[in-house]
Structures are given as structure tokens and as C-alpha cells.
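See below for the structure under consideration.
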Amino acid sequence: MNTVLVGAQWGDEGKGKVIDFLTEESDVVVRFQGGSNAGHTVVFGDKKYVLHLVPSGILHNGKHCVIGNGVVMDPFDLMKELEQVESWGFELKGRFHISERAQMVMQWHRAIDKAEEAARPEGKKIGTTGRGIGPAYAAKVGRYGMRVGDILRPNFLDLVRDQVEEANRALKALGAQTLDADEMVKLYTPMVKALMPYVTDTIQFLHENLEAKKSLLFEGAQATMLDIDFGTYPFVTSSNPTAGGACTGSGVSPRAIDRVIGVLKLYTTRVGEGPFPTELFDADGETLRQRGGEFGATTGRPRRCGWFDAVVAKYAQRVNGVDFWAMTKLDVLDAFETVKICTGYKRKDGFVYTTFPADLEVLKYCEPVYEEMPGWQCETSKITDYAALPENAKAYINRILDLVGGQLGVLSVGPARETTLRINI
Ligand code: GDP
Ligand code: IMO
Ligand code: MG
């Protein structure tokens, strides 16, 4: 059984937690896009683990973890994270693999990311994580990027020198501090040695596993509405976090994918700039933020919070072909007297959009249309059996399923491993 797991909203849906749950029954966990802009949280025992680049499957000794060709990997972030994983007591040897074809995020990409963001006027800022993601993907499609396999070349450090010179021209144009090529060479020299043992032909590795009938689990980072093609462009990330990205970002054919799981938070959040039709600026928004602990796992920024948006979820269902939903954070809604679901965006002339418009300008002149349902106002975080959920909570979930399609596969009612209910998968 090969599974693709994707975020259905604007990220931070609880993908890390669901991956951790599904790793149990998988053999290989694969990241296929994004980089250290991701922050995936897993909680078990009395500890919270946050992973940025390393697949969340690493917290299960014995399972293989792969950074696929579609990822942009910052070697410094990676080394830091690998040290951390080892300090937590997990084995890396022989089970962590990086694609030779993955692109590297270099120091200059980070510098350009920050300089570009600083140069954008108000209203045009994206609110990037500053991890160099956009410039690294720009280098990839511009065909001047640096791939992980390049570190195996004897002239790797000359490549570094050439790239710094090139990047300095961009930094100068942006009015930012340039980088010293010698310093960069010194910085990257020890890294080459440290990374080498993990560099793998991951296409060969993944196909050997497929032929041996092993189960692959593809861990999406970011989410549908942050997708470079399907998201709220230009307020998006620079990769394809949607299900198709799992194939282009790993070298595994779409014919090998058996199911798609979409992770859906039972309300909505967003970090960074860009449209968010159901955003709340009132006490309800603050309640969601506080109860949900909605502060960025990568940047610590407070997340913007709002009601569940069924227009977004339906769109995500279609774009990804979601078979099963992993619905998360039901417990956060326990406190509300009533809960709301957005079913459309209403224009001033009365026209209602029921699918997400490509033109973001449209949203400026729209109001969300809500269905209001009674809340359940009791604690759900200790419930271990779906049947035992309050009737109003079940009605809320069922209404969402009616609106968006797909089946309920997993329901999460708290951050910890034990608070995961297996429903249909
Ligand atoms: P990801 O980026 O999709 O992996 O999500 P993050 O880890 O950035 O954010 C999800 C946050 O919600 C983390 O702090 C999780 O520990 C937490 N979380 C996940 N599922 C649940 C849940 O069902 N209830 C509550 N209260 N917290 C959850
Ligand atoms: P996970 O995997 C939420 C957002 C940033 C910014 C935009 C572009 O934890 O769900 P980037 O640094 O990628 O160029 O920033 O995308 N963003 C995320 N928001 N969760 C994430 O990852 C995100 N990764 C990027 O806030 O608005
Ligand atoms: Mg996150």
C-alpha cells in the first residue's frame, strides 16, 4: 500500500502527527518537496519533536527515510537536525537517504530570500520563512542550481566560488550585504564530508522497495493552498505540495500510488501574508489560537485563525484526489457554543463562488457565506472510540464530509500519539 499524504489548507494541519501514526504500517517515508520551511510536530511520551527536513518517520527506528529529488535541502539545517535526531536517541545509520538529484539551499539563497522579502513593498510581501526556498527553486528551474550530487565532484568548492560571485550580483542589486567567497568555501568544506554517507540514488532505492512490495508513505510539506500552481499565487511557496508532486519529487510513477490522504484541520489557519476568506479578528479567532497553540513550528509567528472553509477543502479534495481525510484538532473546537462552516464567497451583487477563484482580487469584494451549527461544549480529547463522540461533533464532521466528499480515515483529538482514532483506513 503506497500512500500520499498532503496538507489540504494553508499548512500546519497536523501532517507530522498523522505521518507518525501511519509510519507504523509503512516501510519507507519520503519527503518529495519543500525544505526546512516545514515544521512537522510529533508528540509522544512527555516529549515534543519538531522536524523540518527529515521525514517524520525517523522517530520510528528501523523505518527508512528519504529526501527525494523534489526537495530543496539546506545542508546546515539538515546537519543540525540530524544531530538532534541522534541526541533524541534515534538511529540514522543505513536508514536515512538523500537523493543525488535534490537541490541544495545555499547560504546565498537564504540571503536573497531575506533581501527580496525586505525589498517588497507592503501588500506585496509574502511573509516567507526566510529559509531560502524561493531562490533555491528559482535556481533549479533557471538551471543554475546546485544538486546534492555535486558535492561528490572534485570541483565542488570551485562551483561554490562561482555561485557566490553570481549571487553577489543579485545581492548588490537588492542593496543587501554581499558574501565572501573564501568564507563560503571554508564553511562548506566540512559539510561535504558529513553529508557524503547519506547521498543515495533514491530512485533506485525506492524502486527496489516497490519491487519488494514494501509500503511507501509520501510526506507532503506545506499544503494545497500554498502550491505554486493551485494556491493563492503569489502568496504561496515555490513547490508542488499537492499529490502530483509526490511523483515528480520522488521518481515514483502515479500508477504506484494506492491512496491519497488529505490532512484537514477542523478550522483554518494560515501563517504569512495572503488571502484568507474565513479569517477571524475577534475573540473567537483568539480562542482558536490559544486553544490550538497556533504559533509557527518553524518561525514561532502567531498563526492567523478562522472558521472551517469547505470551499478550500472541496478544492483540495479535487486537486489531490483525496480518498481519505485525516481530520485534526477537533478538541480545539470543544469550547464553542456554535461552530461555522464556510460554503461559499458572496460577491456584493449576490453571486456566490463555490470554488476557489484564481483571481485573488475577487476575494477582496466577497464575504464568506456561513452555515452555523451547534457546538458540543464537552471535552473530546480523551475519547478513543468514534461512536462515543458527542452527537453535535459527529454532525459537524458529517456535514463537512457531505460538502467536500471523500471518507473519514483518521480523526485526531489531541497532540499526543494516543489521541488518534482510526476510522476507515
Ligand atoms: P504540520 O506542519 O502539518 O505537521 O503541523 P504542525 O506540527 O506545524 O502544527 C500542528 C500542531 O497541532 C502541532 O503543535 C501538533 O502537536 C498539534 N496537533 C496535531 N493534531 C492535534 C489535535 O488533534 N489536537 C490538538 N490540540 N493539537 C494537535
Ligand atoms: P508545514 O509543512 C505553514 C508559508 C510561509 C509563507 C509562504 C512562502 O509546516 O505545513 P516560503 O518560506 O515557503 O517561501 O514561504 O508559505 N509556509 C508555510 N506555512 N506551514 C508550512 O509548512 C509552511 N511553509 C511555508 O509562511 O506564507
Ligand atoms: Mg507545520
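So for the sequence shown, our numbering puts the first residue at 255; every next one is plus one. For glycine and all other residues, C-beta sits at the position ideal for the given N, C-alpha and C. If you're wondering where the values come from, they're calculated on a predicted model, not measured in any experiment.
Who are the near neighbours of residue i in its chain, counting only those whose CB is closer than 7 angstroms to its CB and skipping five residues on each side?
i, result
"A647", "L584, W630 and T634"
"T486", "M479, G528, P529 and L614"
"F484", "T478, T496 and V573"
"T523", "W264, D266, E548, R557, R558 and C559"
"K519", "Q263, E267, G268, T582 and K583"
"A369", "L425, L428 and A430"
"V439", "L411, V414 and R415"
"A649", "M627"
"Y640", "L665, L675 and I677"
"D481", "V490, N494, P495 and T496"
"R397", "none"
Opposite residue i in the DSSP bridges: which residues?
i, result
"H351", "V320"
"C632", "BP columns for C632 are empty, so no partner."
"V284", "V320 and F472"
"A580", "V517 and V664"
"Q357", "V326 and R401"
"D211", "Residue coverage of the chain in this structure runs from 255 to 679, which leaves residue 211 outside it and unanswerable."
"M627", "V593"
"Y607", "Y599"
"R572", "Beta-bridge pairing links R572 to no other residue."
"F549", "P556"
"F298", "K301"
"V258", "F472 and V514"
"P622", "Y599"
Output needed for residue i: all residues of its chain with C-beta closer than 8 angstroms, excluding positions within five of it in sequence on either side, in chain order.
i, result
"P644", "W630, C632 and T634"
"Y619", "R601 and K602"
"E278", "H314"
"L449", "P329, L332, M333, I352, V402 and I405"
"R374", "I380"
One question on the structure: do residue i and residue j come within less than 8 angstroms of each other, judged by their Cβ atoms?
i, j, result
"A356", "R401", "yes"
"F562", "I654", "yes"
"R545", "V297", "no"
"V517", "G261", "yes"
"M327", "V284", "no"
"V714", "Y599", "In this structure the chain extends from 255 to 679, so residue 714 is not present and cannot be described."
"Q476", "A292", "yes"
"T383", "T553", "yes"
"A225", "I515", "Lying before the first or after the last residue shown, residue 225 is absent from the chain, which here runs from 255 to 679."
"T443", "L413", "no"
"L617", "P488", "no"
"A580", "V658", "no"
"N678", "G663", "yes"
"K317", "D274", "no"
"A589", "T541", "yes"
"A551", "V395", "no"
"F535", "Y569", "no"
"I346", "E340", "In the sequence as presented, Ile is not what sits at residue 346; that position holds Leu. Against a cut-off of 8 angstroms, the Cβ pair of E340 and L346 comes out as a contact."
So residue i packs on residue j, CB below 8 angstroms; how close in whole Å?
i, j, result
"F472", "V258", "4 angstroms"
"Y391", "S493", "6 angstroms"
"E625", "T597", "6 angstroms"
"K271", "P669", "7 angstroms"
"A500", "F286", "5 angstroms"
"V446", "A435", "Their Cβ separation, rounded to whole angstroms, is 16 angstroms, which puts V446 and A435 out of contact at 8 angstroms."
"F344", "I366", "At roughly 34 angstroms, the Cβ-Cβ gap does not stay under 8 angstroms, so F344 and I366 are not in contact."
"G288", "T491", "7 angstroms"
So, for residue i: in the same chain, excluding its five sequence neighbours on each side, which residues have a beta-carbon less than 6 angstroms away from its beta-carbon?
i, result
"T364", "Note that residue 364 is Arg in the sequence shown, not Thr. Correct list, in chain order: G386."
"L276", "L471"
"A393", "G399"
"V576", "V514, G516 and G660"
"M255", "S469 and D512"
"E621", "K600"
"V525", "G550, R555 and R557"
"S290", "H306, L307, D328, D331 and R385"
Would you say the beta carbon of residue i is closer than 7 angstroms to some non-hydrogen atom of the ligand NAD?
i, result
"G474", "Within the structure as shown, the ligand NAD is missing, the only ligands being the ligand GDP, the ligand IMO and the ligand MG."
Counting only C-beta atoms, is residue i closer than 8 angstroms to chain B at any point?
i, result
"A356", "Looking for chain B here will not work: only one protein chain is present."
### Task
Specify whether the stretch 502 to 514 and the stretch 318 to 325 touch according to this definition: at least 3 beta carbon pairs, one from each stretch, less than 8 angstroms apart.
yes
### Task
Would you be able to state if there are at least three C-beta pairs under 8 angstroms between the stretch 394 to 411 and the stretch 451 to 467?
yes
### Query
When the Cβ atoms of the stretch 338 to 353 are set against those of the stretch 361 to 379, are three or more pairs found closer than 8 angstroms?
no
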